[in-house]
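**Student:**
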Amino acid sequence: MSNPRIGFIGVGMMGHGMVKNLLAKGFPVTLKVNKNREKAADLLASGAKEAKTHAEVAANSDFVIICVTGSPQVEDVILGPEGVLSAAKKGLVVIETSTAEPGSTAELREALKAKGATLVDCPLARTPKEAEEGRLNTMVGASDDDFAKVKPVLAAFCENIFHVGPPGAGHTLKLINNFMAMTIVASIAEAFAVAAKAGVKTDMLFKVVSMGALNSPIFQMMAGGAVEGDLTKMKFAIVNGAKDMRYYTHLAESLPIASFVGEAVHQSFELAVALGLGDKMVPSMIEAQEKLNSLQIVKKK
Numbered sequence: 000m001s002n003p004r005i006g007f008i009g010v011g012m013m014g015h016g017m018v019k020n021l022l023a024k025g026f027p028v029t030l031k032v033n034k035n036r037e038k039a040a041d042l043l044a045s046g047a048k049e050a051k052t053h054a055e056v057a058a059n060s061d062f063v064i065i066c067v068t069g070s071p072q073v074e075d076v077i078l079g080p081e082g083v084l085s086a087a088k089k090g091l092v093v094i095e096t097s098t099a100e101p102g103s104t105a106e107l108r109e110a111l112k113a114k115g116a117t118l119v120d121c122p123l124a125r126t127p128k129e130a131e132e133g134r135l136n137t138m139v140g141a142s143d144d145d146f147a148k149v150k151p152v153l154a155a156f157c158e159n160i161f162h163v164g165p166p167g168a169g170h171t172l173k174l175i176n177n178f179m180a181m182t183i184v185a186s187i188a189e190a191f192a193v194a195a196k197a198g199v200k201t202d203m204l205f206k207v208v209s210m211g212a213l214n215s216p217i218f219q220m221m222a223g224g225a226v227e228g229d230l231t232k233m234k235f236a237i238v239n240g241a242k243d244m245r246y247y248t249h250l251a252e253s254l255p256i257a258s259f260v261g262e263a264v265h266q267s268f269e270l271a272v273a274l275g276l277g278d279k280m281v282p283s284m285i286e287a288q289e290k291l292n293s294l295q296i297v298k299k300k
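For the sequence shown, numbering that gives the first Met the number 0 assigns the number 0 to the initial residue and increments by one for each residue that follows.
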């Protein structure tokens with residue numbers, strides 16, 4: 000039995016590796032290239048086809064995978080002129096891997112359902128490195144039947160596939176996950192600023208924490224990068240951290256849950272964006288502390 004046809008929208012830092020692995024597993028892939036044409040060149044050379052519109056992707060696919068920045072972009076892909084919805088047919092499955100707001104996802108799911116199509120929220124974890132290796136994690140919000148449909152497709156680029164609950168649970172869990180991650184990022188940046196101001200050697204802080212219970216991959220990417228003078232080790236932009244924290248605080252407010260920590264972390268990321276650091280990777284939250292406090296924390300190469 001031949002593999003189903005895959006449409007893919009969003010060939011960015013994560014999407015490139017995902018498509019590469021889909022092609023390697025024998026899936027026929029049709030791409031809609033938006034901004035990153037250079038990232039798609041080798042994929043097209045490897046057999047991917049290119050569509051001119053999102054509707055064309057949907058018309059030529061059994062599954063459409065969306066991997067873009069957030070809810071506004073997902074809404075545009077699905078609802079916009081010549082969007083996925085305009086060409087959606089009965090049986091089409093949309094795999095939505097972006098970090099998005101659960102409320103928006105629910106509305107899009109209903110719009111597709113009216114056309115006989117299905118939307119499954121499957122946000123991702125890990126980094127572009129694991130995307131290239133086919134070792135991402137995904138949190139799937141779906142019925143049992145829909146989970147069974149999408150699992151073989153997700154297995155092409157995911158090492159761990161978690162069925163976390165009904166529709167919407169994937170995006171909800173992802174926001175909680177990213178809240179915890181960005182809280183760690185912000186706290187490390189502030190801790191290194193306090194250490195530097197207090198006269199504690201930051202390389203010694205790094206060594207001590209690295210040998211204790213607080214050590215983690217995020218700590219190594221953040222603090223290790225500062226000590227080594229490389230603030231690019233954690234491939235996730237500050238502007239996306241600010242966006243995810245905004246989504247998280249919206250979620251908490253909607254429940255409602257008091258979110259004092261979430262609001263503080265959100266504002267710290269928004270401040271870094273205002274300082275002109277939005278396009279830099281999240282280890283540059285340490286650079287934001289340097290700017291705010293007139294400090295030298297990051298080792299100069």
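Glycine residues also receive a C-beta, built at the ideal position from the N, C-alpha and C atoms.
Can you name the start and end residues of the beta strand (DSSP E) that Thr302 belongs to?
**Tutor:** Any property of residue 302 remains undetermined from this structure, which presents the chain solely from 0 to 300.
**Student:** What are the complete alpha helix (DSSP H) segments, minimum 4 residues, inside the stretch 126-171?
**Tutor:** 127-132 and 143-153
**Student:** The ligand HEM and Ala195: does any heavy atom of the ligand fall closer than 8 Å to the residue's C-beta?
**Tutor:** Of ligands this structure carries none, so the ligand HEM is not represented either.
**Student:** Contact check, Val260 vs Met181 under 8 Å by CB: the rounded distance?
**Tutor:** 10 Å between Cβ atoms; not a contact.
**Student:** For Val63, report the span of its beta strand (DSSP E) as first-last.
**Tutor:** Phe62 to Ile65
**Student:** Where do the ends of the alpha helix (DSSP H) carrying Val56 lie?
**Tutor:** For Val56, the enclosing alpha helix (DSSP H) begins and ends at His53 to Ala58.
**Student:** For Asn292, which residues in the same chain have their Cβ closer than 6 Å to its Cβ, ignoring the five residues on either side in sequence?
**Tutor:** Ala192
**Student:** With distance defined between alpha-carbon atoms, name the residue in Leu230, Phe178, Leu21 and Met12 nearest to Arg36.
**Tutor:** Met12
**Student:** Considering Phe7, what are the terminal residues of the beta strand (DSSP E) in which it resides?
**Tutor:** From DSSP, the beta strand (DSSP E) with Phe7 extends over Ile5 to Ile8.
**Student:** Identify which residue in Gly25, Ser60, Ala287 and Ile183 has its Cα closest to the Cα of Ser45.
**Tutor:** Gly25
**Student:** Short of 8 Å in beta carbon distance, which residues of its chain neighbour Ala225, apart from the five on each side in sequence? Order them along the chain.
**Tutor:** Phe191, Thr201, Phe205, Pro282, Ile285, Ile296, Val297 and Lys298
**Student:** Tell me the DSSP secondary structure of Glu350 in three-state form.
**Tutor:** Since the displayed the chain opens at 0 and closes at 300, residue 350 lies outside it and no answer follows.
**Student:** What does the alpha-carbon distance come out to for the pair Asn214 and Val184?
**Tutor:** 13 Å
**Student:** Going by DSSP, what residue range makes up the alpha helix (DSSP H) through Glu289?
**Tutor:** Met284 to Asn292
**Student:** Taking only runs of the beta strand (DSSP E) that begin and end inside the stretch 66-126, which ones reach a length of at least 3 residues, in chain order?
**Tutor:** 92-95 and 117-120
**Student:** Who does Val28 pair with in a DSSP beta bridge?
**Tutor:** Ile5
**Student:** In terms of residues, what are the limits of the alpha helix (DSSP H) holding Met17?
**Tutor:** Unbroken alpha helix (DSSP H) run through Met17: Gly14 to Ala23.
**Student:** Using only the alpha-carbon positions, how far apart do Ala54 and Leu254 sit?
**Tutor:** 35 Å
**Student:** Since Val67 contacts Lys31 with CB under 8 Å, what's their CB separation in whole angstroms?
**Tutor:** About 11 Å; that fails the 8 Å criterion.
**Student:** Could you compute how far the alpha carbon of Arg4 sits from the alpha carbon of Val163?
**Tutor:** 26 Å
**Student:** Of all the options Gly90, Cys157, Lys148 and Ser142, which has the alpha carbon lying nearest to the alpha carbon of Pro166?
**Tutor:** Ser142
**Student:** Can you tell me where the alpha helix (DSSP H) holding Thr201 begins and where it ends?
**Tutor:** Run containing Thr201: Thr201 to Ser209, per the alpha helix (DSSP H) assignment.
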